[in-house]
Amino acid sequence: MKNIYFNHDGNIDDLVSLLLLLQAPDIKLIGVSAIDGDGYIDPAIEACRKMVDKFNLRNDKLEVARSDSRAIHQFPEKWRMAPYSFNYFPILNENAEIKTPEAKLPAYLDMIDKIKHTDGLVDLVMTGPITDLAKALDEDPTIEDKIDKVYWMGGSLDGHGNVMAVDADGSQEWNAFWDPEAVKRVLESNLKIQMVGLESTEEIPLTDDLRQHWASLRKYPAIDLVGLGYSLIVSVPGAELYLWDVLTTMSCLDPKLVASKQVKAKVITHGLSAGKMYEADDGKELTLVTGTNKKAFFDEMDAILKRQ
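Position 291 of the sequence shown, counted from 1, bears residue number 290 in numbering that gives the first Met the number 0, the numbering being contiguous throughout.
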């Protein structure tokens with residue numbers, strides 16, 4: 000049985016990932032934490048606590064930790080608003096009282112505490128900036144021995160990014176751009192890392208057909224919440240959106256869903272290319288996800304979400 004610690008940055012894909020982790024069979028979710036990245040942290044933390052109350056199918060003993068990490072480069076404000084609306088969905092607010100507590104420790108210390116007090120190895124699923132892991136490694140490097148693998152949504156190795164800002168050249172992915180020094184710190188570790196980059200998810204775009212599929216299955220509460228969540232995301236014509244974070248999560252739950260290759264990578268930490276990752280012979284060896292079995296991915300996602 001896998002032990003999983005989930006660290007995310009609070010937008011819709013992250014919250015859907017939490018939903019999958021709460022409902023998946025044959026794992027143990029040992030911790031959840033949110034960082035103030037792609038979604039504002041206050042509504043994200045509250046929404047996570049409500050989701051644990053309603054969808055914690057295995058009854059894992061959970062609390063939600065708040066990150067005290069701060070951005071080097073913060074996401075655009077308009078991207079960050081969705082968790083406010085998500086947190087107001089009636090399906091999460093049938094009970095006025097939230098029972099799942101907020102953790103007393105900040106996220107990086109909570110991560111250390113949960114990892115060290117868990118029997119066996121732990122997988123980290125990280126769908127936002129990787130800063131809390133970098134801080135945890137600085138605080139207590141011995142946790143490396145307890146981490147089996149890190150599944151991270153971040154970076155890009157094919158030369159294209161999604162950052163459009165005056166202090167960037169467009170070659171970076173946002174989670175890496177948020178804190179390039181943290182990426183460098185983690186790449187300097189001995190951890191096994193599976194990276195889902197921007198180029199990894201071309202088989203699973205967010206489409207109108209997919210939205211309709213979820214609508215047709217809204218009798219299942221978890222799928223209803225997924226459909227509601229993604230209704231908050233309006234695709235920009237010509238800028239297709241993909242299920243990056245969900246793929247990262249599902250690849251941890253079932254590694255057979257993805258194809259991958261081994262690469263060696265480094266990151267630039269300063270200047271207009273800060274956050275850009277690139278292949279280098281003297282870089283960190285990573286497992287880069289290169290493709291997805293689309294049908295198997297969605298079939299398994301549906302099966303997990305139909306369990307309640």
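Glycine residues also receive a C-beta, built at the ideal position from the N, C-alpha and C atoms.
| Check | Outcome |
| --- | --- |
| State the beta-bridge partners of residue 28 as determined by DSSP. | 3 |
| Taking C-alpha atoms, which residue in 165, 247, 158 and 200 lies nearest to residue 266? | 158 |
| Kindly indicate which three-state DSSP category residue 226 falls into: helix, strand or coil? | helix |
| Quick check on the DSSP output: what are the complete beta strand (DSSP E) runs of length 3 or more inside the stretch 122 to 161, in order along the chain? | 146 to 152 |
| To which residues does DSSP link residue 286 through a beta bridge? | 193 and 261 |
| Assuming contact is defined by CB atoms lying nearer than 7 Å, are residue 289 and residue 250 in contact in what I supplied? | no |
| Can you round the beta-carbon distance between residue 195 and residue 243 to whole angstroms, since I take them to be within the 8 Å contact cut? | 6 Å |
| Any Cβ of chain B within less than 7 Å of the Cβ of residue 116? | You won't find chain B in this structure, because it holds only one protein chain. |
| Taking all protein chains shown into account, decide if residue 229 is buried (16 or more other Cβ within 10 angstroms of its Cβ) or exposed. | buried |
| Quick check: the Cα distance between residue 248 and residue 81, rounded to an integer number of angstroms? | 20 Å |
| Please state the DSSP three-state secondary structure of residue 64. | strand |
| Which residue from 172, 264 and 62 puts its Cα closest to that of residue 198? | 172 |
| With which residues is residue 266 paired in a DSSP beta bridge? | 276 |
| Give the straight-line distance between the Cα atoms of residue 189 and residue 262, rounded to the nearest whole angstrom. | 15 Å |
| If you follow the alpha helix (DSSP H) that residue 22 is in, where does it begin and where does it stop? | 11 to 22 |
| Quick one: residues in its chain with C-beta nearer than 8 Å to the C-beta of residue 121, no 5 flanking neighbours on either side, listed in chain order? | 2, 3, 4, 29, 113, 114, 145, 146 and 147 |
| Opposite residue 291 in the DSSP bridges: which residues? | 257 |
| State the start and end residues of the unbroken alpha helix (DSSP H) segment that holds residue 200. | Segment: none, residue 200 is in no alpha helix (DSSP H) and carries neither H nor E. |
| Helix, strand or coil for residue 87, going by three-state DSSP, please let me know. | coil |
| Quick one: give me the first and last residue of the alpha helix (DSSP H) that residue 175 is part of. | 173 to 177 |
| Looking only at DSSP bridge pairs, what is residue 81 linked to? | Per DSSP, none; premise fails for residue 81. |
| Going by C-alpha to C-alpha distance, which of 257, 221 and 125 sits closest to residue 23? | 221 |
| From residue 167 to residue 279, what distance separates their C-alpha atoms? | 21 Å |
| Label residue 218 either buried or exposed according to how many other C-beta atoms from any shown protein chain fall within 10 Å of its C-beta, with 16 as the threshold for buried. | exposed |
| Could you pull the start and end residues of the alpha helix (DSSP H) that residue 113 belongs to? | 106 to 115 |
| Per DSSP, which one or two residues make a beta bridge with residue 241? | 204 |
| What does the alpha-carbon distance come out to for the pair residue 282 and residue 276? | 10 Å |
| Short check: CB of residue 32 to CB of residue 130, under 7 Å? | no |
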